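These protein sequence lines map, in sequence, to chains A and B.
Going left to right, the first sequence walks through residues 1 to 171 as my numbering numbers them.
Going left to right, the second sequence walks through residues 172 to 342 as my numbering numbers them.
Where is the CB? At the ideal position from N, CA and C, for every residue including glycine.
These numbers were taken from a predicted model, which means no experiment stands behind them.
There are 2 protein chains.
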Amino acid sequence: MVFKIENYIRDVKDFPKEGIVFKDITPLLADADALQKTTEELLKLVPSDIDKVIGIEARGFFFGSLLATHLNAGFVPVRKPGKLPYKTFEESYALEYGTDKLCMHIDAIKKGESVLIHDDVLATGGTAQAVAKLVEKAGGEVVMLNFLIELSFLNGKDKLEGYQTSSLLTY
Amino acid sequence: MVFKIENYIRDVKDFPKEGIVFKDITPLLADADALQKTTEELLKLVPSDIDKVIGIEARGFFFGSLLATHLNAGFVPVRKPGKLPYKTFEESYALEYGTDKLCMHIDAIKKGESVLIHDDVLATGGTAQAVAKLVEKAGGEVVMLNFLIELSFLNGKDKLEGYQTSSLLTY
């Protein structure tokens with residue numbers, strides 16, 4: 001049987017709020033074979049010469065850590081305010097109403113390092129763009145932004161112009 | 172040079188509040204070699220016949236996903252309320268003041284499955300105990316609770332009596 005990643009993604013209606021169809025990746029994570037194969041497929045999409053992989057809180061941590069070890073790179077979590085214990089760079093991004101922030105430890109990325117940013121879903125691109133700015137604040141080079149799923153109808157790539165991007169699944 | 176995991180753990184004073192010395196594992200994650208070696212060391216501590224590895228939100232997700240793929244098991248995130256999109260089992264646990272809850276998808280663990288629970292730190296044991304109860308609600312068998320770090324002066328193991336536990340580092 002051919003492996004189809006989309007068979008392991010569950011649509012959950014009205015989450016986190018009415019009218020939104022949420023792409024639930026937990027069935028994929030819970031299946032040992034699907035977890036391995038998805039990691040392999042993601043690895044085909046990204047450059048091999050990477051110093052650090054960033055995972056965006058919290059669903060970007062799953063495949064972010066896996067990509068890091070397969071690429072023999074370090075792993076860096078980018079988190080919401082108040083979660084990282086040491087000194088951080090901060091970057092704001094727009095929400096539907098208001099703004100939110102993402103943080104990265106100031107010593108997480110060294111000057112000139114090649115950085116792969118990973119998240120599970122590319123939606124409006126606001127968080128991914130903020131993370132790219134964090135990497136640049138630290139002097140790192142954003143080599144690619146990689147996603148498991150791209151929701152193309154939200155035009156997230158517009159915010160990421162000038163960056164290389166890749167996604168395993170596009171809706 | 173001998174690999175010493177403790178060289179990659181940073182003490183951060185007064186986080187998350189005054190008087191607490193926080194064990195920051197991000198320097199360990201950010202170092203490609205330390206990340207690999209720590210995964211190998213954790214694997215030596217756990218049984219190999221595991222169906223599902225649970226990672227506890229959010230720092231349990233890093234090595235939780237890595238352990239899952241190395242053990243050829245599925246990965247299950249246990250999360251705070253409101254984070255998992257599908258139907259969940261819930262379990263409350265005591266905080267210093269009041270209580271909090273943890274959630275797991277109702278179809279994450281199948282009856283009779285062997286489950287390894289992983290978190291970065293064993294402190295008072297409250298969250299780990301709650302997760303063990305979630306697994307048992309789903310009909311799974313808790314084979315072991317595994318931690319990167321045990322803060323033994325908080326006596327977390329008392330709450331986990333009757334369960335197998337293992338930790339890579341004990342303070």
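- CA-to-CA, the gap between residue 197 (chain B) and residue 332 (chain B) works out to about 30 Å.
- Apart from the 5 residues on each side of it in sequence, residue 11 (chain A) sits with its Cβ closer than 6 Å to the Cβ of 21 in its chain, given in chain order.
- Closer than 8 Å to the CB of residue 39 (chain A) there is at least one CB belonging to chain B.
- Its chain contains 114 as the residues whose beta carbon lies nearer than 6 Å to that of residue 141 (chain A), once the 5 sequence neighbours on both sides are disregarded; these appear in chain order.
- Taking CB atoms only, residue 245 (chain B) has a neighbour in chain A less than 8 Å away.
- Residue 317 (chain B) and residue 244 (chain B) have their C-alpha atoms some 15 Å from each other.
- In this structure, the straight-line span from the alpha carbon of residue 60 (chain A) to that of residue 233 (chain B) is close to 10 Å.
- Per DSSP, residue 85 (chain A) lies in no beta strand (DSSP E) and is assigned neither H nor E.
- Contact annotation: residue 322 (chain B) and residue 294 (chain B) have beta-carbon atoms nearer than 8 Å.
- In the displayed model, residue 63 (chain A) falls within a helix according to three-state DSSP.
- In the three-state reduction of the DSSP assignment, residue 33 (chain A) falls in the helix class.
- Residue range 312-321 is occupied by the beta strand (DSSP E) that includes residue 316 (chain B), with no alpha helix (DSSP H) assigned at that position.
- Per DSSP, reduced to three states, the secondary structure at residue 40 (chain A) is helical.
- Nearest CB-CB separation between residue 197 (chain B) and chain A: below the 8 Å threshold.
- Of the candidates B:302, B:187, B:242, the residue whose Cα lies closest to the Cα of residue 271 (chain B) is B:302.
- Among the CB atoms of chain A, one or more fall inside 8 Å of the CB of residue 183 (chain B).
- Contact with chain B is absent for residue 45 (chain A), since none of that chain's Cβ atoms lies less than 8 Å from the residue's Cβ.
- Counting along the chain, no beta strand (DSSP E) covers residue 295 (chain B), and no H or E run does either.
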